[in-house]
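Since the structure comes first, as structure tokens, the remarks are kept for the end.
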Amino acid sequence: MAAGIGGVVRIVLSLLAVVLLLVSGSSAAYTARTGGAGAPPDCRELRSEAECARSSRRCRWCTSEVLDDMCFGAAEAWRLPQQVFACG
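Numbers -28 to -1, 1 to 60, taken from mature numbering (1 follows the signal peptide of the UniProt record, and there is no 0), label the letters of the sequence shown in order.
This is the structure in structure tokens:
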């Protein structure tokens, strides 16, 4: 009986893997087709304070005397050490 259960588990896992591959391929194709339209910008890719301020309400420009000034997502900016970064 244990061999039968092991075979069923193997089949279920194989089917799950196939479904996951189909879903991820479909999602990647949709993103490529739409060009990521409507997706919020990645705040870390914005290189200037002006771009960061224009991008969205969820990005914050953070300055530092020790490290480079950068644009972070609001949640990420909130978690940065206040001794190192000042975020607006």
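Each residue gets a CB set at the ideal place from its N, CA and C atoms; glycine is no exception. Keep in mind the model is a prediction, meaning the values are calculated, not measured.
Burial state of residue i (16 or more Cβ within 10 Å)
i, result
"residue 16", "exposed"
"residue 24", "buried"
"residue 39", "exposed"
Check whether residue i and residue j have beta carbons under 8 Å apart
i, j, result
"residue 49", "residue 32", "yes"
"residue 46", "residue 30", "yes"
"residue 18", "residue 34", "no"
"residue 56", "residue 28", "no"
Enclosing beta strand (DSSP E) for residue i [first to last residue]
i, result
"residue 19", "Unbroken run through residue 19: none, as it is neither H nor E."
"residue 32", "31 to 35"
Secondary structure of residue i, DSSP reduced to three states
i, result
"residue 45", "strand"
"residue 27", "helix"
One or two residues paired with residue i in a DSSP bridge
i, result
"residue 59", "34"
Min CB distance residue i to chain D below 8 Å
i, result
"residue 57", "Within the model displayed, chain D is absent; a lone protein chain is all it includes."
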